[in-house]
Amino acid sequence: MNDPRIALVTGANQGLGRALVEGLAARMAPDDLVLLTGRDARRVSDAAREVVRSPGTRSRVEGRVLDVADTGAVTGLADELRERHGGVDVVISNAIAPNLPDRSQAEQADEFIDVANAATHTILRSYGPILRPGGRLIVVASSLGTLGHLDPRLHHLFDGASLDQVEQAVESWRDAIHAGTLDEAGWPRWLNVPSKVAQVAAVRAVAAERRERDLATGTLIAAVCPGMVDTRASRPWFSEYGHAQTPAQAARAVLDLVLGEGADPALYGELVRFGKPLPWYGGTPPTEQDRIVIP
């Protein structure tokens, strides 16, 4: 008999994260456990209770308070899962910090980077080693995460970089924000572009080290682009969202990737959108007029 599977979703009390938990809970087995995490205790508790009571829920669901910007909390939960369950089977890194168009990007930079990038690095380092054979470690990014969206002067910072080097590049970017030297180095002013490229580069770095043994065991590490999603975080950035997906719709392709059999070598370590890899070197640097939510 197989051991129950353990799944963890960050930023899961609302939006896409909540939909991913609901989908996992509906499609995993009754003995499996899905951890719904977020940093607000009341919201986490309420969301977990609602998912548990949903008629479509099959597996066990528990709410856990987790601030992904707290490195100790992230590593502590990983230690707990290793000790209690021998590891984890599904990790979906989905948490984001607000990025609002009516505030300066520099003013929002530290929280945004801490949640989207520093936390991604911690999750990859903490949960990669305890990912069981056949497991999934997925980072939610966007199509902005391809290298071509950055000025060519910056490509060397991320192309073929190790995780340590990606981390150094992110901190260099952060320093440029606070020093007011973005333009000189070629960094875009919009936070989403370097952040997403760095997320995908971090995934690629970890995947490059593990590829052979992971593919041999059907284990998948990848970044995903869920497409344009109508959420509280995305609405401020575009005025017409009639064609955006609901969180439940956006979650389907991600869950198909997470719950599919085996690991497709063409998808391993890549940025995946609707089941297909996006070219790492694709994209063009956005202009200031392009500062909208791009799927």
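Number 140 in my numbering belongs to position 147 of the sequence shown; there are no gaps in the numbering.
Glycine included, each C-beta is placed from N, C-alpha and C at the ideal position.
Beta-carbon proximity list for residue i, same chain, < 8 Å, skipping 5 on both sides
i	result
Glu59	One detail in the question is off: residue 59 reads as Leu in this sequence, not Glu. Counting only Cβ-Cβ distances below 8 Å, and skipping sequence neighbours, we find Thr3, Thr30, Gly31, Arg32, Ala66, Val67 and Leu70.
Member of the options whose CA lies at the smallest distance from the CA of residue i
i	options	result
Gly128	Ala215, Leu9 and Ser38	Ala215
Asn92	Ile85, Phe105 and Val222	Phe105
Leu366	Val199, Leu264, Lys269 and Arg46	In the structure displayed, the chain extends from -6 to 288; residue 366 sits before or after that span and is not available.
Cys218	Phe151, Gly211, Leu137 and Val84	Leu137
Gly153	Arg204, Arg197, Ala178 and Ser165	Arg197
Val84	Thr113, Pro122, Ser135 and Leu130	Leu130
Ser97	Gly173, Ser135 and Val27	Gly173
Gly275	Asp144, Gly49 and Gly79	Asp144
Cut-off 7 Å between Cβ atoms - residues of its own chain near residue i, not counting five sequence neighbours on either side
i	result
Ala41	Leu29, Val54, Glu55 and Gly56
Arg284	Annotation note: pLDDT 45 at Arg284 (below 50); position unreliable, coordinate value reported separately. The residues are Trp183.
His148	Leu140
Pro272	Thr139
Ile89	Gly4, Val108, Ala109 and Ala226
Pro240	Gly8, Leu9, Arg11, Ala12, Val222 and Thr224
C-alpha gap between residue i and residue j, whole angstroms
i	j	result
His142	Asn185	10 Å
Ala191	Val159	6 Å
Val222	Glu100	25 Å
Ile116	Ser86	7 Å
Leu9	Arg118	23 Å
Pro288	Asp95	Any reading at Pro288 must be qualified, since the residue scores a pLDDT of 37, below 50, and its modelled position is unreliable; the value itself is stated next. Going by the C-alpha atoms only, they are around 21 Å apart.
Gly155	Gln242	Inspection of the sequence shows that residue 155 is occupied by Ser rather than by Gly. Cα to Cα, the separation comes out at about 34 Å.
Val81	Ala0	6 Å
Val61	Arg146	31 Å
Leu17	Val193	23 Å
Cβ separation of residue i and residue j, assumed to be a contact under 8 Å, to the nearest whole Å
i	j	result
Ala259	Leu208	Ala259 to Leu208, Cβ: 11 Å. No contact.
Pro279	Pro181	7 Å
Tyr250	Gly268	Note on identity: in this sequence residue 250 is Leu, with Tyr being the wrong assignment. Right, the Cβ-Cβ distance comes to about 7 Å (below 8 Å), so this counts as a contact.
Ser47	Glu15	7 Å
Cutoff 8 Å: residue i Cβ touching any chain C Cβ
i	result
Val163	The question asks about chain C, but that chain is absent: this structure has only one protein chain.
Sequence-distant residues of its chain with Cβ nearer than 6 Å to residue i (five each side left out)
i	result
Ile170	Ala99 and Ala102
Contiguous alpha helix (DSSP H) assignments of at least 4 residues, all confined to the segment 61 to 105: Within the segment 61 to 105, the complete alpha helix (DSSP H) runs of at least 4 residues fall at 64 to 78.
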